[in-house]
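The listed protein sequences correspond, in order, to chains Y and V. Letter by letter, the first sequence follows residues 126 to 333 of this note's numbering. Letter by letter, the second sequence follows residues 30 to 496 of this note's numbering. Just so it is clear, CB atoms sit at the ideal spot from N, CA and C, and this is done for glycine as well. Notes follow once the structure below has been shown.
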Amino acid sequence: MEKFKKIESNAIPLPMVNVDTDMIIPKQFLKTIKRTGLGKNLFYELRYDEKDAPIDSFVLNQDKYKDSQILITGKNFGCGSSREHAPWSILDYGIKCIIASSFADIFYNNCFKNGILPIKLDESEVTKLQKAAENSLSFTIDLENQKISYFDKNINHEIGFELDKAKKTSLLEGLDDIGLTLAKVNHISDFENKQKSRTPWLYSQQIK
Amino acid sequence: MSTPKTLYDKIWNDHLVSENEDGTSIIYIDRHLIHEVTSPQAFEGLKIANRSVRKPNFTLATADHNIPTTNRDEGISDPESKLQVDTLEENCKEHGITFLSMSDKRQGIVHIIGPEQGFTQPGMTIVCGDSHTSTHGAFGALAWGIGTSEVEHVLATQTLVQTKAKNMQINIQGELPLGVTAKDIVLKIIQIIGTAGGTGYVIEYTGDAIKSLTMEGRMTVCNMSIEAGARAGLISPDEKTIEYLKGRPFSPAKNEYQSASDYWLSLASDDGAAYDKTVNIDASDIIPQVTWGTSPEDVVSIDGLVPNPEDESDETKKKSMIRALEYMGLVPNTPLKEVKVDKVFIGSCTNGRIEDLRAASKIAKDRKVADHVNAIIVPGSGLVKQQAEEEGLDKIFIESGFEWREPGCSMCLAMNADKLKPQERCASTSNRNFEGRQGRGGRTHLMSPAMAAAAAINGKLSDSREI
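Structure below.
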């Protein structure tokens, strides 16, 4: 996984609540066996009409947000299915940071596995940032110092955010989770031996 | 005396491999279910890193999301779906994982076949790259949905790195009125706590109304925990659980069954165990429920009206209500019972079990599906289908005008050919009424199997108790 670096970009305002994973990437695009190439279909049904033509009013189709790396949206973002195709499509599009007042649990965890930073803020702060995003202001996301900043009318605004330490390290260092766990393989073997004597039926069950 | 523990606390403690310095824990995973949609990239990841599957015999695979529910003999005509299913089969072969293929009568929706095969057992940790893994919590197994990166992590290590969730108790006291089902309970819960109400929690369902449910009913309730935002739902194991699992193919053998059962019963939450949050609901207040909007929390009683956004004071909520009503093609204050349907779908991991089909068949018997309605029944597994046919349910459905299909996820997520056309309205026993879920522009109303069957007969949303 790539290391998470400081982001400087304007932000896409998507003031909708309960944006579900079907909305982020509809099922017809889940038939892939690859992780890449999903960005063009991100928010497909909001972004394209029934003839596949871009819907001009949708924010992703507006020129000024073409290269944005930040998405600012409403509460419970990413609810619904566990499909990692949702963060894959977001990342493939070029978005590396999502700001909302809350996230659905599985989606939130999936983000960290793919180098995306989901930031939780109070609703009032999200609303403020939405306004700034609508004015296409440029934001800086500094994960190291857990700080969002932007200039509005020559005034520097700074907002701090909370993040679990393990998740922060994982993003900053682009860690390989599996490699880290495998480094503790002895613990796993010990556990299996202990479990086998405590609940032996879990090990005698034959799957044929 | 030790501190009283919840069922969740006990399972967590029994699966703790080690605690990391950063506050996370490595949790052992007893069983892993995989399917064609969320596994190919995980196997690809293993290959790239030159890693193997740690416990192939703790893993069970089937194809369910993508497969056709008609003309199985002709195979899968959609090339992308076929590639995914073939890829799963090849990956299983390469790593020695049992794969129940489309031609195997045990094939079905992962969350139906796990319990059916006795693969699901109390006290286990069970994961699957599918959010409805919470279903298995009905057995007192800690079961949750994971993304593909975590599927890869489990394949390689048989563990996951986790942070412990909080405990929530949802206590359903009293007796459920006649004709009210597990689906109505869970829809009511989601209406009350909302789709984010359970975020950060594992929900344990308690109370007389939960205890009196069959294992099938308990699975329906736990299945939709994710729609309430919780990663997992749990019900303490009891005699019903033990009875259900007796003699199933992967259940503990006879000579081990007693000690397994003793362990299972010991997992029930202790008296006085502390929950971070408790919600009490009176079962006697619940009547059949349906959804009106595009979020599973948009729930009303069948005798109610389509809500009016003007009555909503919260501006954001009002906006999303207006959007939902427009998408659903509904006018505020219309009685639900006047809403006509075009399609009916009975099936899914929420309601595709034998009990669900029996409930629907009782309504369908000696009645006809309304002329303008296309109604399909998709059993949750090959064995559910076989059982239903042995009981003659297929004949009842076919005579009523329902289509009798092959098992799979089907129109719950419409990845195969079973989908709604734009603006078509469906009475569905599935779990999500999101925009486009059952097909672009399709309009979904969630309800119980009896309610969906009643909608098929009357051609509009109906109270199954009045048939």
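### Query
So what does DSSP say about P140/Y, is it helix, strand or coil?
Residue state, collapsed to three classes: coil.
### Query
In angstroms, rounded to a whole number, what distance separates the CA positions of G203/Y and C236/Y?
Distance between the alpha carbons of G203/Y and C236/Y is about 10 Å.
### Under 9 Å (Cβ pairs) to chain Y, residues found in the region 156–182 of chain V
C157, G158, D159, S160, H161, T162, W173, G174, I175, G176, T177, S178, E179, V180, E181 and H182
### Message
Could you tell me the alpha carbon to alpha carbon distance between I105/V and E233/V, rounded to whole angstroms?
### Response
40 Å
### Query
Given that a residue counts as buried once 16 or more other Cβ atoms are within 10 Å of its Cβ, and exposed if not, what is V231/V?
buried
### Query
When every heavy atom of the ligand GTP is checked, does at least one fall within less than 6 Å of the C-beta of L449/V?
As for the ligand GTP, it is missing from this structure, which has no ligand bound.
### Query
Alpha carbon to alpha carbon, what distance is there between Q416/V and A238/V?
27 Å
### Query
Can the beta-carbon of T228/V be found closer than 7 Å to that of D230/Y?
yes
### Message
Taking CB distances under 7 Å as the criterion, tell me whether Q191/V reaches chain Y.
### Response
no
### Query
Name the chain Y residues that come within less than 8 Å of P97/V, Cβ to Cβ?
Simply none; closest approach about 14 Å.
### Message
Assuming Y169/Y is part of the alpha helix (DSSP H), what are its boundary residues?
### Response
Y169 to R172
### Task
Under the assumption that L62/V contacts S54/V (Cβ atoms under 8 Å), give the Cβ distance between them as a whole number of angstroms.
Contact doesn't hold; Cβ gap of about 22 Å is too wide.
### Query
Three or more beta-carbon pairs under 8 Å between the region 70–90 of chain V and the region 174–193 of chain Y, yes or no?
no
### Query
If you measure from the beta carbon of Q113/V to each beta carbon in chain Y, is any gap under 7 Å?
yes
### Query
Would you say N380/Y reaches chain V, if we count a Cβ-Cβ gap shorter than 7 Å as a contact?
Since the first and last residues shown for chain Y are 126 and 333, residue 380/Y lies out of range.
### Query
What residue does the alpha helix (DSSP H) around C121/V start on, and which one ends it?
P108 to H124 is the span of the alpha helix (DSSP H), which, as asked, contains C121/V.
### Task
Per DSSP, which residues does M197/V bridge with? Please list them.
Answer is I232/V and K306/V, bridged to M197/V.
### Message
Can you tell me whether G285/Y is helix, strand or coil according to DSSP?
### Response
strand
### Task
Report yes if the C-beta distance between V319/V and M476/V is below 7 Å; otherwise report no.
yes
### Task
Give the DSSP-derived three-state secondary structure of E127/Y in the structure shown.
coil
### Same chain, Cβ closer than 8 Å to V413/V, five either side skipped, listed in chain order
Counting only residues of its own chain and dropping the five nearest sequence neighbours on each side, V413/V has a CB closer than 8 Å to the CB of G137, I141, E145, G381, R382, I383, L386 and P436.
### Message
Beta carbons nearer than 9 Å to chain V: which residues of the region 135–167 of chain Y have them?
### Response
P140, M141, V142, N143, D145, T146, D147, M148, P151, K152, Q153, L155, K156, T157, I158, K159 and R160
### Message
I'd like to know whether the C-beta of T154/V is nearer than 7 Å to at least one C-beta of chain Y.
### Response
no
### Query
Buried or exposed: where does R434/V fall if 16 or more other Cβ atoms within 10 Å of its Cβ makes it buried?
buried
### Query
How about L327/Y: is its C-beta nearer than 7 Å to some C-beta of chain V?
yes
#### Entry: Assigned secondary structure, E250/Y (DSSP; H/G/I helix, E/B strand, else coil)
helix
### Task
Please list, in chain order, all residues of the same chain as Y328/Y whose beta carbon is under 6 Å from its beta carbon, the five residues on each side excluded.
Around Y328/Y: K321.
#### Entry: Cβ shell of V82/V (< 6 Å), same chain only, five flanking positions each side left out
H124 and L184
### Sequence-distant residues of its chain with Cβ nearer than 6 Å to E432/V (five each side left out)
I405
#### Entry: Nearest-angstrom beta carbon gap, G262/V and G226/V [assumed within contact, 8 Å]
About 12 Å; that fails the 8 Å criterion.
### Task
Measuring alpha carbon to alpha carbon, tell me which of T116/V, Y286/V, P325/V and T345/V ends up nearest S254/V.
P325/V
### Task
In the DSSP assignment, find the unbroken alpha helix (DSSP H) run with K372/V in it and report its ends.
Element bounds for K372/V: not the alpha helix (DSSP H) but the beta strand (DSSP E), K372 to I375.
### Query
Is it right to say I126/V is buried, meaning 16 or more other beta carbons lie within 10 angstroms of its own, or is it exposed?
Residue burial is scored here from C-beta neighbours: I126/V has at least 16 other C-beta atoms within 10 angstroms and is therefore classed as buried.
### Message
Quick check: what's the CA-CA separation for F232/Y versus T198/Y?
### Response
14 Å
### Query
Is the CB of I197/Y under 7 Å away from at least one CB in chain C?
Among the protein chains in the structure shown, which are Y and V, there is no chain C.
### Query
Is it the case that the Cβ atoms of W321/V and V308/V are separated by a distance below 7 Å?
no
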